[in-house]
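So the structure is just underneath, and the comments pick up after that.
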Amino acid sequence: MTSTVATPSDLYQKCSEKWRLPRTLMGGTAAMRAAGKLYLPQEPAESEKAYQIRLDRSTLFNGFRKTVKDMAGKVFAKPVQLGDDVPERLRVYAENIDLTGRHLSNFAYDVFYDGLQTGISYILVEMPPQTPNATRRDDIEMGRRPYLVHVKAENLIGWKSATINGREVLTQARIYELATVDNPEDEFAEKTVERVRVFDRTESGVLWRLFEFQQTRGKEGDWIVIDEGMTSLREITLVPVYVNRTGFMTGEPPLEDLAYVNLAHWQSSSDQRNILHVARVPMWFGKGFNDEEAITIGPNSFLYASSEHADLKIVEHSGAAIGSGREDLKDLEFQMQTLGLELLIPKPGEQTATGRAIDEAAMTAPLAMMADNLKDALERCFQYMAQYDGLGEDAGGSLTVNTDFGISMRDAADINALLASVNAGLISRKTFWKEMVRRGVLMDDFEPEEEVARIEEEGAALGMIGREDEEDEEVAA
């Protein structure tokens with residue numbers, strides 16, 4: 001089959017497989033239900049109707065999305081700071097960095113939040129086409145200025161690169177997008193069209209082309225170039241934000257392990273809700289009744305049988321598996337908490353000449369290194385904006401992204417020991433939480449008792465059994 005401008009590259013196909021589960025989890029319960037058997041397998045003897053009922057009853061405890069929000073929130077607890085060397089004109093642009101009213105910090109938060117899910121995200125530095133014979137003064141009066149566009153991992157469907165002057169650079173980029181346009185057949189309606197924006201690095205500069213898929217009646221349709229031009233810079237101004245880099249322009253989810261534990265919780269929670277339904281709806285067992293003797297069960301009904309050996313009783317679930325399922329869910333929730341915490345624990349740094357490890361938490365914690373990568377990407381974007389604005393190369397200045405949330409190397413060792421102790425049952429989870437407060441990992445107003453109550457409430461919302469249900473099970477058993 002012949003490739004078109006919209007055909008994703010083989011590398012894109014390989015990378016996108018790892019993005020599927022995190023993206024689905026971010027969509028919550030509705031997205032997980034829509035995924036159906038992909039993430040909630042159908043049992044061998046389970047009918048299609050029974051499976052659909054079980055699927056509709058399943059609810060997601062979204063530890064993955066909560067961790068992504070919490071980690072992004074830590075980085076942006078302080079806004080992005082512009083250095084004194086940032087030109088005044090770019091400072092003004094930062095107030096409306098994407099021409100939609102968003103401040104640079106809000107825009108950067110969205111990019112980082114997105115990158116935490118897939119491991120990579122992109123920023124395109126755009127400049128509207130110049131009006132023929134217009135001067136720079138004309139551009140300023142018309143509001144023509146560079147701006148930033150967030151490109152998600154799924155939208156960069158293909159790219160090519162080459163080593164130029166010892167540096168690997170983009171030579172081609174294909175960005176897929178959906179655009180809403182007026183419907184020519186209905187003045188009050190709109191329609192969505194598919195487009196692919198292509199950038200090619202040439203000897204004379206960067207050529208950009210905008211392709212649109214156009215359907216013709218009676219024909220299959222084709223990709224048509226509807227606009228094209230040259231940029232004023234010699235580089236393709238698409239900047240990767242590496243949250244978890246695997247190669248040039250590629251990354252993979254940094255919280256992949258957490259995503260799979262959340263998936264296990266989704267499946268276990270589905271089993272738990274299903275077994276609760278079975279336990280709560282009793283099954284009747286009767287014997288000694290003939291086919292002519294109708295059985296009607298209810299408060300205002302009369303039951304009779306011709307046989308003296310007839311019997312009717314309720315068969316109940318013992319409830320033993322319900323308690324085990326509840327413990328499994330609790331264990332998975334705690335495991336999700338610890339996996340998210342790993343982003344804040346610094347890893348061993350580089351060794352000095354004397355062999356002493358660098359003890360700078362803000363530089364070695366994984367989340368801090370991700371924030372540093374965001375900083376580098378934003379500074380590169382500002383360099384491109386400065387070039388577009390005629391300020392020259394390396395005139396974009398410097399920026400600061402918050403990394404003041406790390407844990408010291410000494411505290412990291414303590415936390416690892418505490419995690420091992422609580423998992424081994426040597427200390428309680430309440431004690432573990434109190435130690436996290438003391439070390440500044442959790443907020444000072446964190447209350448273990450309130451957290452336990454919240455977990456119980458969330459568990460109840462998922463259909464997990466509470467203390468009263470446990471007592472009922474013991475009586476039934």
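For the sequence shown, our numbering assigns the number 1 to the initial residue and increments by one for each residue that follows.
All residues carry an ideal CB built from backbone N, CA and C; glycine is no exception.
All figures in this text were calculated on a predicted structure; none of them were measured in a lab.
Taking 8 Å as the limit between beta carbons, can you name the residues of its chain near residue i, skipping five residues before and five after?
i	result
Val5	Arg174, Val196, Val198, Phe211, Trp223
Glu333	Phe61, Gly63, His265, Ile455
Leu170	Trp159, Lys160, Ser161, Phe199, Arg201, Glu235, Ile236, Leu238, Met249
Glu393	Gln383, Ala386, Gln387
Asp85	Gly397, Ser398
State the DSSP-derived secondary structure class of residue i, mapped to helix, strand or coil.
i	result
Asp227	strand
Ser161	strand
Asp84	coil
Ala476	Here the model assigns Ala476 a pLDDT of 39, short of 50, so the residue's position is not dependable, and the following value carries that caveat. Helix, per DSSP.
Pro366	helix
Ile53	helix
Ser105	helix
Lys14	helix
Gln130	coil
Gly73	helix
Ala179	strand
Gly205	strand
Ser121	strand
Gly28	helix
Thr431	helix
Gly251	strand
Leu210	strand
Phe199	strand
Gly151	It is Val, not Gly, that sits at residue 151 in the sequence shown. If DSSP states are grouped into helix, strand and coil, Val151 belongs with the strands.
Arg234	coil
Arg245	strand
Arg137	helix
Gln172	strand
Glu256	helix
When you compare the CB positions of residue i and residue j, do they come within less than 8 Å of one another, or not?
i	j	result
Gly340	Leu426	no
Ser58	Arg33	yes
Val206	Arg234	yes
Asp182	Glu194	no
Ala108	Leu329	no
Thr118	Trp19	yes
Leu484	Leu178	Absent from the model: residue 484. The displayed extent of the chain is 1 to 477, so no value can be given.
Thr403	Ala368	yes
Met26	Leu343	no
Pro87	Ala386	yes
Val261	Gln335	yes
Phe446	Val452	no
Val149	Tyr113	no
Phe405	Lys74	yes
Sorted by chain position, which residues of the same chain lie with C-beta nearer than 6 Å to residue i's C-beta, five sequence neighbours on each side aside?
i	result
Tyr384	Val125, Thr237
Gly115	Ser121, Val241, Val243
Glu449	none
Thr192	Leu178, Thr180
Ile176	As written in the sequence, residue 176 is Tyr, which differs from the Ile given in the question. Taken in chain order, the residues that qualify are Asn155, Ile157, Val196.
Thr29	Thr59, Leu60
Met127	Pro146, Tyr388
Glu187	none
Ala395	Ala386
Excluding the 5 residues preceding and the 5 following residue i in the sequence, name in chain order all residues of the same chain whose CB lies nearer than 7 Å to its CB.
i	result
Leu104	Val80, Ala94, Ile97
Lys430	Pro448
Lys434	Pro448
Taking residue i as the reference, give the member of the options with the closest Cα.
i	options	result
Asp372	Arg245, Ser428, Pro41, Gly229	Arg245
Gln13	Trp159, Gly28, Gln130	Trp159
Pro366	Arg326, Pro254, Asp200	Pro254
Leu38	Phe405, Gln267, Tyr388	Gln267
Leu11	Gly251, Val149, Glu203	Gly251
Val111	Asp200, Glu256, Ile123	Ile123
Arg273	Thr2, Pro184, Pro8, Asp56	Asp56
Glu327	Gly36, Asp271, Val92, Asp138	Asp271
Ile418	Ile345, Leu391, Pro41	The amino acid occupying residue 418 in the given sequence is Leu; Ile does not appear at that position. Leu418 has its Cα closest to that of Ile345, out of Ile345, Leu391, Pro41.
Val225	Phe213, Ser232, Asn423	Phe213
Gln172	Ser16, Glu185, Glu203	Glu203
Phe76	Glu46, Ala420, Met370	Met370
Considering only heavy atoms of the ligand GTP, does any lie closer than 7 Å to the CB of residue i?
i	result
Phe64	No copy of the ligand GTP appears in this structure; indeed no ligand is present at all.
message: Any contact between the segment 148–163 and the segment 45–57? By contact I mean 3 or more CB pairs, one from each, below 8 Å.
response: No, the segment 148–163 does not touch the segment 45–57.
query: Three or more beta-carbon pairs under 8 Å between the segment 365–384 and the segment 68–85, yes or no?
result: Three or more beta-carbon pairs separated by less than 8 Å link the segment 365–384 to the segment 68–85, which places the two stretches in contact.
- prompt: Can we say the segment 131–145 touches the segment 391–402, given the rule of at least three CB pairs closer than 8 Å?
  reply: Result no; under three Cβ-Cβ pairs closer than 8 Å.
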